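Q: With the first letter of the sequence shown counted as 1, position 86 gets the number 86 in UniProt numbering; the numbers rise by one all the way through.
Glycine included, each C-beta is placed from N, C-alpha and C at the ideal position.
None of the values given here were measured: they were computed from a predicted structure.
One structure is given below, represented as structure tokens, and several questions about it will come after.
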Amino acid sequence: MTPLTLGGLHHVSALSADIALNHDFYTRVLGLRLVKKTVNQDSPGMYHLFYADGQGAPGTEMTFFDFPRAAREHRGNDSVTLTTFRVSGPDALAYWAERLTAHGVAHSGLHDLDGRPHLIFEDVDGTRLALFDDGGHGPRGTPNPHTDIPSEFQIQGLGYSHSSVADLAPTSTFLEGGLNLREVRQYETEGFTTHVFQMGEGGPHAELHVTERGDLPRHRPGSGSVHHVALRVPDETALQAWLDHLAGAGYANSGHVNRYYFHSVYIRDDNGLVIELATDGPGFASDEQQDALGERLALPPFLEPRRATIEAHLRPLTLT
């Protein structure tokens, strides 16, 4: 029997203390498209915004839960410490270095990491981000027509996700035994070894990087922290196969969760890292026209009867 494989990152979800400033940063500065304005389905009193490429494709999505006035994350171990985006070519990175500077965003300058040039910076909430040259490998995002960024320099999609842990063993066991990833290489980060785990055929969009560090406290969540990383499965049939595999391997999980725009299962490893497996479809055009994505408050069918109450309790949010 062919082992189950994952298709790369699906989305990354983080926390914001000011969703209006967050929206300005990801759309105006980074040039991503707001493809879904909705609410946290488990707590519909807060917004949940999805940014992506021009089509809202899986593998290009960065999402944020709105926690007004939340305190900043206390950085440390057992957390996602870097979220990366892919661009193509040295000219694109040069463009982005100039653009970030022009928008007043401090960055590292071109910085080599794992043999790839990176620009490392933070968003308005302190979420650590990087842009790197993917060498033309990995899926190509659809250009966003609603930005001034030239199409050849736009973000192509998510790259790898990087985490720090106090003890590598539980996470390594979970990634390899639970999710069928393979450790393919190592590199040094600030004097510590980073282990690269590959999904399927690999590529810069299909890696999880994990650094074991003994010098950090355990992190405390807050504004700027990543809540979870989602990995791609093609459809519900594959998701059920993963559920069967996880049960057989002894990994507790959420069971099947219908998020309407995709279907999911959530797993927490013994270090507390939350991984979601998410289907590629049905997609964000399930309840909006493709050319109107993100223009209205979208609610999944099970929340639609509560629209008036939900809208009354949400704080006003004007997105320009």
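Leaving out five residues before and five after Leu131 in sequence, what residues of the same chain have Cβ atoms less than 6 Å from its Cβ?
A: Phe85, Val87, Trp96 and Leu119
Q: With DSSP as the reference, please indicate the residues paired to Glu212 in a beta bridge.
A: Val165
Q: Are at least three pairs of beta-carbons, each pair with one atom in the region 190–205 and one in the region 218–228, less than 8 Å apart?
A: no
Q: Any beta carbon from chain D within less than 9 Å of Pro117's own beta carbon?
A: The structure shown contains no chain D; it holds only a single protein chain.
Q: Taking all protein chains shown into account, decide if Asp133 is buried (16 or more other Cβ within 10 angstroms of its Cβ) or exposed.
A: buried
Q: Kindly confirm or deny that the region 68–84 and the region 160–179 touch, where touching means at least three C-beta pairs closer than 8 Å.
A: yes
Q: For Val257, which residues in the same chain have their Cβ closer than 6 Å to its Cβ, ignoring the five residues on either side in sequence?
A: Ser264
Q: Report yes if the C-beta distance between Gly8 and Ala206 is below 9 Å; otherwise report no.
A: Cβ distance < 9 Å, so Gly8 and Ala206 count as in contact.
Q: By the 10 Å Cβ neighbour count, where 16 or more other Cβ atoms means buried, how is Leu6 classified, buried or exposed?
A: buried
Q: Where DSSP assigns a beta bridge to Val257, which residues make up the other side?
A: Ser264
Q: Excluding sequence positions up to five away, which residues of its chain have a Cβ less than 7 Å from the Cβ of Gly159?
A: Thr84, Phe85, Arg86, Phe132, Asp134, Pro204 and His205
Q: In terms of DSSP beta bridges, what is Leu293 paired with?
A: Answer is none; Leu293 lacks a bridge partner.
Q: Quick one: measure Cβ to Cβ for Leu34 and Leu21, integer angstroms, because I've assumed they're closer than 8 Å.
A: Their Cβ separation, rounded to whole angstroms, is 14 Å, which puts Leu34 and Leu21 out of contact at 8 Å.
Q: Just curious, the beta strand (DSSP E) that Pro44 is in, first and last residue?
A: Ser43 to Ala52
Q: Expressed to the nearest angstrom, what Euclidean distance is found between the alpha-carbon atoms of Ser286 and Glu61?
A: 16 Å
Q: Exposed or buried, what is Arg306 when buried is set at 16 or more other beta-carbons lying within 10 Å of its beta-carbon?
A: exposed
Q: Exposed or buried, Thr194, counting other C-beta atoms within 10 Å across all chains shown (16 or more means buried)?
A: Counting of Cβ neighbours within 10 angstroms places Thr194 among the buried residues, the total reaching 16 or more.
Q: Can you name the residues that DSSP bridges to Glu61?
A: His11
Q: Nearest CA to the CA of Leu100: which residue from Asp112, Gly89 and Glu122?
A: Glu122
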